[in-house]
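K.L.:
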Amino acid sequence: MSSAVAPGRRARITAITSGKGGVGKTFLSANLATALARQGEKVLVLDADLGLANLDVVLNLHPKVTLHDVFTGKATLEEAILPAPGGFSVLLAGSGLVEYSRLTPHVREQLVDIIGRVAPRFDRILLDTGAGISDVVLHAISLADDVLVIATPEPTSMTDAYATIKLLATQQGRRAIRVVVNQVSVAGEGRTIRNQLQLVVDRFVVPHLNGGSGEAVALELQGEIPTDPAVREAVQRRALLLEKLPGSRAALAVVGIAARMAA
Amino acid sequence: MNSKPPFLESTPPDALRLEQALSLLVQSGQGAPAGVQGSTPWLQSLIDALCDLSSRDGLTGLANRRNFENAIARESDRVARSGEPALLLMLDIDHFKRFNDQHGHVAGDLVIKAVAAALSATVRPMDLVARFGGEEFAIILPNCPPAFGSAVAERIRERVEKRAISLVSGQQLGCTISIGGAYAPQWVRSTPSVWMERADLQLYRAKSEGRNRTCLEPTPVSVVSAEEKGLLFASSIFGEDLS
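Chains as they are written, first to last, in my numbering: chain A, 3 to 265; chain B, 73 to 315.
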């Protein structure tokens, strides 16, 4: 891997998280990376879901070298950065690494070290975090410049997204959080959900920040992705939606999100 | 005057001006440093004594706000790296204005000093007790396991409550404090101000729940209350879709 990025530059690190699992986090990471790569960005997706990684499944990759090997010194970082089908790079955790599902100081140091080493070599790093709001997830998010929370209109997903947003605002001092709503059935539903989340944040979270100084927490809607049979089709074929069905409504929505993120 | 050491007698503009530093130290009760005046060890002791003086609160001798802000920055950085639990307590004397109004400012100062002494006597040597300002104090407790947090805070509150403050008139006063506390986010890059904000919020809660009590941030803070859920799903968005 040659580093084409000029010295002194550092990738913009975006954490993608959801609170609840199964809402399309890894799907979004992979397809967003594809769209960003097509916009000309040099993108790395880092599978930060250390305990239960499945980016390799989504991308239909069968990596021989994973982050685990880098952690244990069996492989170099260069060997573990793999090209993915969408024109971006991936650093896969390797699934079933139960020992990494708990954030020991060792794991923490490793993650900080890896990110520090890859950051100068890319324009953008997407951290695909695990589900939930465990200490591993919170730690990974804290290393990112910005956070994208993905939710669906399901009440459980909205509740978990809200819990995540609340924690990021109160514990990490985040004042701007990006939101993507997946699986919307009616156009505009994403905006409605973002507004509802903002309402609850303004009412229950903001009054407690800085002793009620009125400092705002802005939820920025990055886009909504419609419920689209094309997504299921791509996932079942273990292919990127943007490659297999680029004209589908969901694919176009992801392209729109990428454009907004680059702006 | 013969009392002046020779090196202080005629100081050219670019020479060390030590008189003021020495008088500051004498005034603070620390006295002049020991050793041969003007020697390097003597100057080092002088600098150490001045540093100490500039990091302490004049009335109570506790760490002052500047010292506290350095310490909390260091501690939150340490927790982010080590993952050790660290507790921050923010404390405030209940109805302090009444002491000043009813017994005068001298009595008010006595109350502040008594609380400061009680706090220092209750915590471990490794903990940092600071006067945050006015009648507000803060304590940083490194390596304090969450299971003990409430007990520690409660012990501090009780110690202050039990302490009698004797005025010059012979009158005895008692005072109470409210305590709010929060743990630093472990392994997470955050800021000291966010940590202080969370502890402050709990102090506010202790005050509004009636004072003379301790409130620690419930863990985890990610719990979503019924009220929050109520508002989250209050609008017609689901009504329309599910009906």
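Even for Gly, the Cβ is constructed at its ideal location relative to N, Cα and C.
Bear in mind the structure is a predicted one, so any value in this text is a computation, not a measurement.
For Glu226 (chain A), name the three-state secondary structure that DSSP assigns.
P.N.:
Strand, per DSSP.
K.L.:
Taking just the CA atoms, how far does Val257 (chain A) sit from Leu38 (chain A)?
P.N.:
One C-alpha to the other measures close to 8 Å.
K.L.:
Going by DSSP, name the residue or residues bridged to Ala17 (chain A).
P.N.:
According to DSSP, Ala17 (chain A) bridges with A:Leu129 and A:Val149.
K.L.:
Check the Cβ of Lys301 (chain B) against every Cβ in chain A and list those closer than 7 Å, keeping chain order.
P.N.:
Chain A residues near Lys301 (chain B): Thr161.
K.L.:
Just to confirm before moving on: does the CB-CB distance between Val149 (chain A) and Ala171 (chain A) stay below 8 Å?
P.N.:
It is not a contact, given that the beta carbons lie outside the stated cut-off.
K.L.:
Starting from the beta carbon of Trp259 (chain B), find every residue of chain A whose beta carbon is closer than 7 Å, and list them in chain order.
P.N.:
Neighbours of Trp259 (chain B) on chain A, chain order: Leu105, Arg110, Asp137 and His141.
K.L.:
Could you list which residues in chain A have their beta carbon closer than 7 Å to that of Arg270 (chain B), in chain order?
P.N.:
Ordered by position in chain A, the residues that pass the 7 Å Cβ test against Arg270 (chain B) are Thr172.
K.L.:
Going by DSSP, what residue range makes up the alpha helix (DSSP H) through Leu34 (chain A)?
P.N.:
Lys27 to Arg40 is the span of the alpha helix (DSSP H), which, as asked, contains Leu34 (chain A).
K.L.:
I'd like to know if Phe206 (chain A) contacts chain B, where contact means its C-beta is closer than 8 Å to some C-beta of that chain.
P.N.:
Answer yes: the Cβ-Cβ gap between Phe206 (chain A) and chain B drops below 8 Å somewhere.
K.L.:
Extract the residue ranges of the beta strand (DSSP E) inside the stretch 212 to 294 of chain B, only unbroken runs of 3 or more that lie entirely within it.
P.N.:
Fully enclosed beta strand (DSSP E) runs of 3 or longer: 236 to 238, 244 to 246, 249 to 255 and 286 to 288.
K.L.:
What residues of chain A sit near Ser262 (chain B), judged by a beta carbon separation below 9 Å?
P.N.:
Near Ser262 (chain B) (Cβ distances below 9 Å), the residues of chain A are Ser144, Gln173, Gln174 and Gly175.
K.L.:
Based on the DSSP secondary-structure assignment, which residues constitute the bridge partners of Ala188 (chain B)?
P.N.:
DSSP lists no partner for Ala188 (chain B).
K.L.:
Name the residues in the stretch 150 to 181 of chain B whose C-beta lies less than 7 Å from a C-beta of chain A; which are they?
P.N.:
Listed by position, the residues of the stretch 150 to 181 of chain B near chain A (Cβ gap below 7 Å) are Ser154 and Gly155.
K.L.:
Distance, Cα to Cα, Gln89 (chain A) vs Ser154 (chain B)?
P.N.:
According to the sequence as given, residue 89 (chain A) is Gly; it is not Gln. Cα to Cα, the separation comes out at about 37 Å.
K.L.:
Between the alpha carbons of Asp129 (chain B) and Phe305 (chain B), how many angstroms are there, rounded?
P.N.:
In a straight line, the C-alpha of Asp129 (chain B) is about 51 Å away from that of Phe305 (chain B).
K.L.:
For Gly192 (chain A), does the three-state DSSP call read helix, strand or coil?
P.N.:
DSSP places Gly192 (chain A) in helix when its eight states are reduced to three.
K.L.:
So, is the C-beta of Pro87 (chain A) closer than 8 Å to a C-beta in chain B?
P.N.:
By this cut-off, Pro87 (chain A) is not an interface position.
K.L.:
Select from A:Ile117, A:Ala50 and A:Leu61 the residue whose C-alpha is nearest the C-alpha of Leu244 (chain A).
P.N.:
Considering only alpha carbons, the answer is A:Leu61.
K.L.:
Quick one, which of B:Val232, B:Leu96 and B:Gly242 has its alpha-carbon nearest Ile165 (chain B)'s?
P.N.:
For Ile165 (chain B), the nearest C-alpha among the options comes from B:Val232.
K.L.:
Would Phe140 (chain B) and Phe204 (chain B) be called neighbours here (beta carbons separated by less than 8 Å)?
P.N.:
In contact: Phe140 (chain B) and Phe204 (chain B) (Cβ atoms closer than 8 Å).
K.L.:
Counting only the same chain and skipping the five closest in sequence on each side, list residues whose C-beta sits under 7 Å from that of Ala255 (chain A).
P.N.:
Same-chain partners within the cutoff: Gly225, Glu226, Ile227 and Pro228.
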